[in-house]
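Since the structure comes first, as structure tokens, the remarks are kept for the end.
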Amino acid sequence: MGNINFFDRIIFLVNWVFAFLLLLSCAVPYISVESFPSLSILSLAASLLVPINILFAFYWLLKRKGQLLLSVSILGLAYICLGSFFKFRFSESHIDRDDLSIMSYNTRIFNRYEWIDNPLLGNEIVDFVSSENPDILCFQEFDDSKSNQFEQYPYRYISYKEGTNRVIQAIFSKYPIVAKGSLNFPDSSNNAIFADVLYKEDTLRVYNLHLESLRIKPDAESLSKEPSGKLYKRLSNSFVKQHRQAEIFDSHRNATSHHVIVCGDFNNTQFSNVYKIIKGDLQDTFQEKGTGYGRTFNFKYYPVRIDFILVDKAFEVTGHKNFNIHLSDHFPVMASIRIRDHYTRPK
């Protein structure tokens with residue numbers, strides 16, 4: 001650092017800190033959560049660490065200093081390990097009327113307890129979903145009182161928390177549901193359910209996942225008020241539960257011979273070990289056809305993508321939408337897919 005002044009030395013030291021944090025983030029998807037739960041916190045911060053390192057790179061570029069190489073090399077490694085967190089789309093999607101459309105939406109119980117000061121908001125969610133009119137609809141945090149407002153879906157599976165009358169998830173379909181079930185995550189208020197949907201000449205296994213919540217509010221004020229030790233323990237425990245839930249799901253998915261569609265609120269990002277386990281060899285519809293940041297959670301400080309639609313390679317992804325509508329603390333996502341001709345599942 002002999003060729004830079006004192007101020008730039010301070011800047012470079014700060015640059016080192018953020019570069020090192022991004023480097024650790026690159027390792028998160030490949031490290032067992034149960035061994036190092038604290039590292040998983042970085043999976044939530046990766047989408048912030050990337051632009052910070054880009055800013056440092058631009059700073060050194062303008063200064064024409066060799067320190068530019070630090071952030072550039074780390075950003076290159078992050079792209080290889082984590083993929084892109086921002087998608088550019090230079091061609092339009094080609095969606096046919098016959099394509100299968102799927103929506104995933106955490107509705108926060110249709111605002112039943114008026115977290116948002118709007119008593120009509122629940123009906124606005126119904127109107128929005130009806131206007132988009134997906135063929136298959138996966139709800140997390142569903143309100144059973146709204147069931148009769150989705151008459152366009154004759155086939156449905158509404159799941160209750162085991163041993164209670166509390167609805168937690170629902171799958172609605174315009175196509176017949178021939179089988180259904182629940183994975184019953186242990187020691188959790190969250191769960192994963194599935195429905196086998198008869199579509200044309202195929203049976204599709206549709207999963208609706210809602211992994212363990214981190215209990216982070218959109219404005220994050222609760223994080224600053226919570227003692228750091230208590231926050232660390234709570235997040236670590238949640239990450240460990242998510243990891244176990246992901247492994248339960250992965251075992252269940254690997255046992256089916258049907259083509260698979262996975263929808264849900266993972267309560268973790270695409271930079272996490274949990275996402276890596278669930279995704280496996282599936283396609284992320286946002287990565288295939290999405291644009292922008294793909295933000296799905298209304299976090300105050302930076303964009304976070306924790307809601308996903310994943311499909312296996314039997315499908316061609318023809319479209320993906322993120323909706324910037326403030327009807328819940330989550331934003332809905334929707335994808336269009338079609339079954340590839342003459343696809344053979346690898347053995």
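Each residue of the sequence shown is one higher than the one before, starting from 1 at the first, in UniProt numbering. Glycine included, each C-beta is placed from N, C-alpha and C at the ideal position.
query	result
Cβ distance (whole Å) where residue 262 is taken to contact residue 310 below 8 angstroms	4 angstroms
For residue 261: DSSP bridge partner residues	206, 311
Touch test, the region 73-93 against the region 47-60, Cβ-Cβ under 8 angstroms, three pairs minimum	yes
Residues near residue 86 by beta carbon distance below 7 angstroms, same chain, minus five either side	292, 293
Cβ pair residue 295, residue 269 closer than 8 angstroms	no
The beta strand (DSSP E) enclosing residue 244, as first and last residue numbers	Premise fails: residue 244 lies in the alpha helix (DSSP H), 228-254, not in any beta strand (DSSP E).
Extent of the continuous alpha helix (DSSP H) run through residue 349	No answer is possible for residue 349: the residues shown for the chain start at 1 and end at 347.
Residue 145 beta carbon near the ligand MG (any heavy atom closer than 7 angstroms)	Looking for the ligand MG in the displayed structure turns up nothing, as the structure carries no ligands at all.
Cβ-based neighbour list, residue 95, same chain, cut-off 6 angstroms, excluding 5 preceding and 5 following	318, 319, 336
Distance between residue 271 and residue 82 (C-alpha atoms, nearest Å)	6 angstroms
Closest Cα partner of residue 236 within the set 20, 21, 43, 12	43
Those residues which DSSP pairs with residue 199 across a bridge	202
Segment limits, alpha helix (DSSP H) that includes residue 69	68-82
Whole-number beta carbon distance between residue 111 and residue 307, since they are thought to touch under 8 angstroms	No, residue 307 and residue 111 are not in contact; Cβ-Cβ is about 17 angstroms, not under 8 angstroms.
Given residue 238 as reference, the closest of 267, 184, 67 once Cα atoms are compared	267
8 angstroms Cβ cutoff met for residue 168 and residue 141	yes
Sheet register partners of residue 104 (DSSP bridge)	138, 333
Nearest to residue 340 (by Cα), restricted to the options 99, 328, 57, 64	99
Cβ contact check for the region 274-292 and the region 324-332: 3 or more pairs under 8 angstroms	no
Collapsed DSSP secondary structure at residue 193 in the structure displayed	strand
Buried versus exposed call for residue 349 [16 or more other C-beta atoms within 10 Å across all chains shown]	Because residue 349 is not part of the residues shown, which for the chain are 1 to 347, the question remains open.
Nearest-angstrom beta carbon gap, residue 183 and residue 249 [assumed within contact, 8 angstroms]	6 angstroms
Other residues of its chain near residue 29: CB distance less than 6 angstroms, five sequence neighbours each side excluded	273, 276
Among 58, 63, 24, 115, nearest to residue 72 - alpha-carbon criterion	58
Inter-stretch contact (C-beta, 8 angstroms, three-pair minimum) for the region 173-183 and the region 192-200	yes
Reduced DSSP category for residue 354 - H, G, I as helix; E, B as strand; rest coil	Past the boundaries of the shown model lies residue 354; the chain is included only from 1 to 347, so the question cannot be answered.
Euclidean distance between Cα positions of residue 349 and residue 21	It is not possible to answer for residue 349, since the shown part of the chain is limited to 1 through 347.
Nearest-angstrom beta carbon gap, residue 149 and residue 126 [assumed within contact, 8 angstroms]	5 angstroms
Beta-ladder partner(s) of residue 6, from DSSP	Its beta-bridge partners do not exist; DSSP assigns none.
Extent of the continuous alpha helix (DSSP H) run through residue 155	Per DSSP, residue 155 belongs to no alpha helix (DSSP H); it is in the beta strand (DSSP E), 155-160.
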